[in-house]
Structures are given as structure tokens and as C-alpha cells.
Amino acid sequence: MRLQLSPELEAFREEMRTFFTTQVPQEIRDTVAAHRHVSKEQYVEAQRALNAAGLCVPHWPVEWGGKDWTPLQRHIWREEMQLANVPEPLAFNTSMIGPVIAAFGNQEQKERFLPKTANLDIWWCQGFSEPDAGSDLASLRTNAVRDGDDWVVNGQKTWTTLGQHADWIFCLVRTDPTAEKKQRGISLLVFPMDTPGVTLRPIELIDGGFEVNEVFFEDVRVPAENLIGEENRGWDYAKFLLGNERVGIARIGTTKRLLAQAKEHAREIVADGRPLLENPRMAARIAELENELVALELTALRVVANSSDGKPHPASSVLKLRGSELQQAGMELLVDIAGPLSLASFAEEGSDVPDFARVATPSYLNYRKVSIYGGSNEVQRTIIAGTILGL
Amino acid sequence: MDFTFDSEQNDLREAVRGLLERAYGDSEARRKVALNDPGFDEKTWSRLAEMGLLGLPFAEEHGGMGAGPIEVAIVAEEMGRVIAPEPFIEAVVLAGGLIAAVGTDEQKGELLGAIAEGASVPAFAHAEVGTRWSASASAVTATQAGDGWTLTGVKEPVANGARADVLVVSAAVDGGTGLFVVQGDAEGLTRTGYRTHDGGRAANVRFENTPAVALGAGGDQTAAIERALAEARIAYSHESIGAMDTALRTTAEYLKTRKQFGVTLNRFQALTFRAADMYVSLELARSTALWASMVQDAGGDVVSAADRARLQTSRAGRHIGKEAIQLHGGIGVTAEYKVGHYTSRLTAIDHVLGDGDWAADRLAAEVAAHETVDPLGAPYAV
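Chains as they are written, first to last, in the numbering used here: chain A, 25 to 415; chain B, 887 to 1268.
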């Protein structure tokens, strides 16, 4: 038991901090800090800066750009990136399809996709959820039928995040409708979004933004070589991928940043003749959130230290569950600090309302998503009750 | 940064667990012990002494083991696992800790050795009716009398105050709060003991011109008291982790075996989800408690770390204690079944040295002074 980081890790943390705060353009980091819309070009520029320095895909196999870091190093890397307001490398690329191709793809697929995936030369999107297959993902109905050298795909996906930017989609499809268990008849196909028969319809969210989409497939012909891994083993790859998705989803650095911003804004707003930050109820609320966040960060450190063989520790469900709740609590705090100013959400030039107050409520509404995606918090409770408590 | 116990620490845990399992593995045994004064088992106390646990944090030259906060945490958690009634934290960590921190070499040699042997069971007489969770004293005052002192006033509730053979007493002196040693048979000392809701013992301790000896060099000891209280809060947070762990495991076991409507209770998601939330509370609190002990070990800001551990374990203890009873149903409220006793003990721990709201207020007073909290940075890691 030891509190301090080793001198090597302390130096590593400093190296990460210096890189993220000096080598990623300030303008991009300001955009993230202000919770403004991050453009496709900004995502690409930031990810390429990381990739050029070898800091984009440390968790991949070394031959494909990985770093062979310890889980604690990866944790520090991620936290420092969030603290510096650097947009994280696109999760669909680096946390999802990249590791799946590296683990289950053939040599040709690895060479074809992995370098471009790391460098965001290919922007991937995720074709998993369907209108009737959300938390119960294995009920998906989009199907692929073999026809000569092609698969022919028909069906519909939804909640496809940033699909409007995507070059390629990785898609779970039913290839054996007769399989006894519904999980057994699923395969993983990848194909370009401009393949004939693919259409995309954006879905407007309650914050007025466009982030997710519906994707429709009508007789989409996908070459057989675009099957990742084995036919009908797609469910295994999906589980592998979603396990990766949960790691790092606690977003402690991001919430830390939110609370720091909240305090800054609460100093500027006067309530009953004194700064809002000096209001005892407000100060206590922030103190409780800071403490919850300390507890979460320490738990993340415990979990990463114990997830040796690459498999997520079962307690990683705690990180997703509590991490999402604290992100939401941080956003709610910002709305409450903005108070009446939060109504000026869509104010443009000519408004005196500060930026943070304009974006507070749309962000708060948007962040309802974080307890839903990546396995909803109810799914996490099911995992904890079943896997950990044996209930 | 390392959250793992070394092999000696694991051995210590195994040994303590073995001893306490033999004593209180059957929860009825604890109930019987709690019925009669002094509210704990003198034989078990002797066995703890034989294992060296009662001198665990004291220097070897004073008869102790020279162990650190991590070892204390391990023992406290194991005590909590069976809610052992022996006053390890009260006598060794708190009263003994004050003697070790401010006592003269002579006092340390005499008093700490006796504690380590199990011959002496001291108590810290600090709480006063009408104030709460302060590091200073006002209801008991100290007056210089020749070479020594006399104390006058009332301390209550004093945990194990009637059984204690030596009292460490805080009292108002010119310019602050001093610490004094009073022998159990001193003149002008009246002690009235009673049971507490968790099966323990506390006392009203009355001083009337009672002769006392200054602990250490005398003068204002508020900072030393603040620190000793912080270290005790951290130890209590580990005791509560042990208790919460048992409360949750007992509850999960019950859900798997108790049948209603023809099925076991774990078929009801309304119940299993609540058990999952208990697990979340427990693990977050456990991380914070372990961290606080590491801060203490590293020489960081132990007072602030203790407040953080106190806040987290207070919230978790209330959550888990209440839910453990509710998920059991009526049997959870009975004295014959063990789980309710855990809730009672958690409730006692929550109020002895400051509750969650109290800790939150202290942290809130500092909230404007830092941008972010870095548990691996200043002021915790130095």
C-alpha cells in the first residue's frame, strides 16, 4: 500500500500533461472546455496530433502502435487528456473496432484498416442498436444473406453516433436466423457508408443538436472479405468491444474539469449580497460532489491495478454507473449556478449572458445519455447483482 | 501508487480474522458478551494482547509493534466484520494514540507498555454535553495545584469510561485545551456507566477537584487532539467498511435463500438492484478509507483525508445499514438476527466523532481554496 506515484510514473504524468497542454491546438481545447460543438475537422486534427506522437492507441498491440503500458499508465494518460480538455480519440475507432480487428481480424484486414483507423483516415461508426434491440441487443434483426461472393444486408440501425461524419460502419447482422440461441447467429460486417443502399437520417436531440442517426440498409452488397472474424461469432466480438467501452467511461478528468468550472462561475454570480460560492448550501453541494469524485477516482485506480489479463474487472460496472451519475450531477450543478441565465440557451450576438450559461441546459439535457449508452445503468446493476453478488 | 497489501499484511489479516472468528463467528456469542459489563470479553482482549495487536501502532521501545496505519486499518476492518465489542479503536488508537503523540518518555514507557500487555484499558474522556465533535474542551476545566492539577466538570458520553483504569481527559486551560491523565481510583472521580444501543458501554464521568497529571509538556494540545481524532476517524472508517461488508454479504445470502411467492427473493429485480447499489456505496467508501490510511502513512494532511473518509463512510454506512434491514424484512429488526446489530453499530460509529454532514461542512469551508482535488497530489501526498 503506497500513496505516491513512483518517480517514473510521476515523470510520465508530467510528460502527458505537458504534451496535452502544449501539442494539441488551444482552440480545440477551448472548444471542449466551453462545451461547444467540436467539428469533424477538430476531432481529426486532435487525433492526428496524438497519433503522430504515438499517444493515440496505447492499448493496442505494440505492432499496431500500442505502447505496452500498465493499466495505471493508461489511466493517467486518459485522465490527463480529459483534464487538458483534449477531445479523446474517437472511441468507435480506438476503443471499439480497432481492438476487435487487432484481436480477431485476419492479417490483410489488420494491414488494411488499423493504421487508417488509428489516424482517423477512416471515421468509423457503430451499427449495433436497432429500434427493437436496445439493451436487449441480441434481438437484432438486420440480416445478411450470402449471395455468391457478397453478403446482402437489409434492415435498420439506430443511435448511430456521428454517423454523419462516418466513412465506414461496423455492423452486427443476423447471418443464421435458425440458430438455437439468438446470440449464436450474429456476425460482424464492415462496409463503407457510401455503399449503394445505405441511407442515413439524422435524429435531432432535445438539446437541438445532431449527434445520432438512423441508418437504413436496402440490399446493400458487402464483399465476403469484409466479415471480421468468424461467421456467427459476432456476439463474442460485441461483448469484447463493449467491455472495452466501459473502461475509461468513468470520465473522472472530465467531471473534475466540470466542477472546477462550476466553482469559477459560482464566484462570479452574486446571490444575497455575496458570491454564490460562499453560500453554505452551494459550497456543501460542491464539497460532496468533489468527495464522490475522489472516491470514484480512487476506485478507478484500484480497478485498473487489478485488471491484469486485459479483461475488465467486474467492479468496472461501478465506474460506469457512478461515473455517469457524477457527470450528470456536474452538468446539473452548472445549470443551477446559471440559474435564470440558463434560459438564454440559444442567445447569439447581442446577449450579455456568459457562454457557460448558454450551453449549460442543452449540455445537461444532452448528458442524460451518459447513463443510457455503454450499457445502461440498469444493465450495470444487473451485472453487479449477478456477477459480483451472485444474485 | 499501490493498493495491494503485502504478504505480511495479508498474514496479519488472516491471523486477526481467525482469532475474531473463533470469538464471534457465531453472532449469538457477541450478544451474550454485550449483556454483561464491561460489554466486551476480557479473555478476547487478552488474546488480542498476546497477538501484539494492542500495541500495534506504538514504538517498540514502548512495548509496541511499531506498525503503521495500514496494519491498524486491517485490524479495525476485521473487528468491524464481526462487530467485535472490544474497544480497540477507543483504547489503543485514540487514548493510546494521544499518549504516544504527546506523552513524556516516562509516560509512554509506563502507560503504553501496560496497554500493549492488555493490563491497562484507557479511555479518552472528551465529549461534553451541549457541544459536539469539537477538538477543544470547555465543560471540564483544569486548575494548577502545586506540582499537579485538578479537574472539575463533566464528560459524557465517554466510551468505556466506567471500565477504564486510566482516563486521558481534555480540559480547558488558559489559552486552549490541555490533556491530562487521571487514574481510575482518583479522589473526586465519579463514573456512572450504562449500555449503548450498539451493545457497548459509555459513562457519565464527573470530576470534582480531581487530581490529574498533565500529559506531556502541558499547554494547549488542540492540534494534537485534532490529529488523534482524525486518526481515530480513519480507523472507524475501516471498522465500518468491515461491518458494511458483512451486512451486504448477509443480505445477499438472505436474498438467495428466502422464498416468497414460491421463488427466492433474488428473482425480484426491485431487490437485486438495491443490493447492487449497496455494493457501489461499499466499494467507493472502501477506496476512500484505504486512501486515507495511505495519506496518514505518507505523512500527508491526515485531518482533511479523515474528513473525506468520514463523509464517504457516513453516507455509505447509512445507506447500507438501512437497506440491509429493509431487504431482510421484519427479521432484520429483531435482536435474535444479526443484521440489525450491524446497522446499530454503523449508526454509533457515525455519531461518535462527527457525522457526514459535519464532515461535509468542514470540506465545504475549503472548497474555494483549490481548483481541483488530486488525491495523489498536495496536500495528501508529500
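Glycine included, every Cβ here is placed at the ideal spot set by N, Cα and C.
Note that the structure is predicted; figures quoted are calculated from it, not measured.
- Residues of the same chain with a CB within less than 6 angstroms of the CB of LEU1197/B, apart from the 5 flanking positions on each side, are GLY1242, ALA1245, ALA1246 in chain order.
- One alpha carbon belongs to HIS1205/B, the other to ALA1129/B, and they sit about 13 angstroms apart.
- In this structure, the CA atom of VAL176/A is about 20 angstroms from the CA atom of TRP148/A.
- Judged by DSSP secondary structure, LEU1176/B falls outside any beta strand (DSSP E) and instead within the alpha helix (DSSP H) spanning 1155 to 1184.
- In summary, the residues of the stretch 337 to 361 of chain A whose CB is separated from some CB of chain B by less than 7 angstroms are ALA339, VAL342, LEU345, ARG346, in the order they occur in the chain.
- Those residues of the stretch 1175 to 1194 of chain B placed with their C-beta closer than 8 angstroms to a C-beta in chain A are LEU1176, TRP1177, SER1179, MET1180, VAL1181, ASP1183, ALA1184, GLY1186, ARG1194, ordered along the chain.
- Comparing C-alpha distances from PHE926/B to each of ASP1084/B, ALA1118/B, SER1173/B shows the shortest one belongs to ASP1084/B.
- ALA1011/B is bridged by DSSP to VAL1055/B.
- DSSP lists ASP174/A as the beta-bridge partner residues of ASP171/A.
- Contacts between LEU320/A and chain B, judged by CB atoms closer than 9 angstroms, involve LEU1170, SER1173 in chain order.
- Taking C-beta separations shorter than 7 angstroms and ignoring five residues to either side along the sequence, the partners of GLU242/A in its chain run ASN178, GLY221, following chain order.
- In this structure, ASP1193/B sits near ARG1119/B, with a CB-CB distance shorter than 9 angstroms.
- Contact residues of the stretch 25 to 51 of chain A toward chain B are MET25, ARG26, LEU27, GLN28, LEU29, SER30, LEU33 (C-beta to C-beta distance below 8 angstroms).
- In the three-state reduction of the DSSP assignment, ASP991/B falls in the helix class, which pools H, G and I.
- Bounds of the beta strand (DSSP E) holding TRP1035/B are 1034 to 1045.
- In the DSSP assignment, ASP243/A falls outside any alpha helix (DSSP H) and within the unbroken beta strand (DSSP E) covering 234 to 247.
- For ASN315/A, the residues of chain B that pass the 7 angstroms Cβ criterion are ARG1194, LEU1197, GLN1198, LEU1249, in the order they occur in the chain.
- Three or more Cβ pairs closer than 8 angstroms define a contact, and the stretch 1172 to 1181 of chain B falls short of that threshold against the stretch 1151 to 1158 of chain B.
- Neighbourhood of LEU301/A in chain B, by CB distance below 9 angstroms: VAL1253, ALA1254, in chain order.
- Secondary structure in the stretch 109 to 159 of chain A: the beta strand (DSSP E) runs of 3 residues or longer, each lying completely within the stretch, are 148 to 151 in chain order.
- Interface annotation for the stretch 1110 to 1130 of chain B against chain A: empty, criterion Cβ-Cβ distance under 9 angstroms.
- Among the residues facing chain B, THR199/A is not included, as its CB has no counterpart in that chain under 9 angstroms away.
- The stretch 1038 to 1050 of chain B and the stretch 995 to 1004 of chain B do not touch, with fewer than 3 CB-CB distances between them shorter than 8 angstroms.
- At a cut-off of 9 angstroms between beta carbons, MET951/B makes no contact with chain A.
- Just so you know, the alpha carbons of GLN207/A and TRP259/A end up roughly 6 angstroms apart.
- Taking 9 angstroms as the cut-off, the beta carbon of GLN895/B is found closer than this to the beta carbon of GLU957/B.
- Using beta-carbon distances, ASP1163/B counts as an interface residue toward chain A, with a partner under 9 angstroms.
- CA-CA distance, PHE36/A to ALA1264/B, rounds to 18 angstroms.
- The three-state reading of DSSP puts ALA284/A in helix, counting H, G and I together.
- TYR1080/B is bridged by DSSP to ALA1088/B.
- Of all residues in the stretch 396 to 415 of chain A, those with a C-beta nearer than 9 angstroms to a C-beta of chain B are GLU402, GLN404, ARG405, THR406, ILE407, ILE408, ALA409, GLY410, ILE412, LEU413, GLY414, LEU415, reading in chain order.
- Judged by their CB atoms, GLY1062/B and SER1022/B are nearer to each other than the 9 angstroms cut-off.
- For ASP1236/B, none of the residues of chain A pass the 9 angstroms Cβ criterion, the least Cβ distance being about 16 angstroms.
- If you draw a straight line from the Cα of ALA339/A to the Cα of ALA1161/B, it comes to about 14 angstroms.
- By alpha-carbon distance to PHE1093/B, the top candidate from GLU1125/B, ALA1103/B, VAL1054/B, HIS1124/B is VAL1054/B.
- The stretch 282 to 300 of chain A and the stretch 1230 to 1238 of chain B do not touch, with fewer than three beta-carbon pairs separated by less than 8 angstroms.
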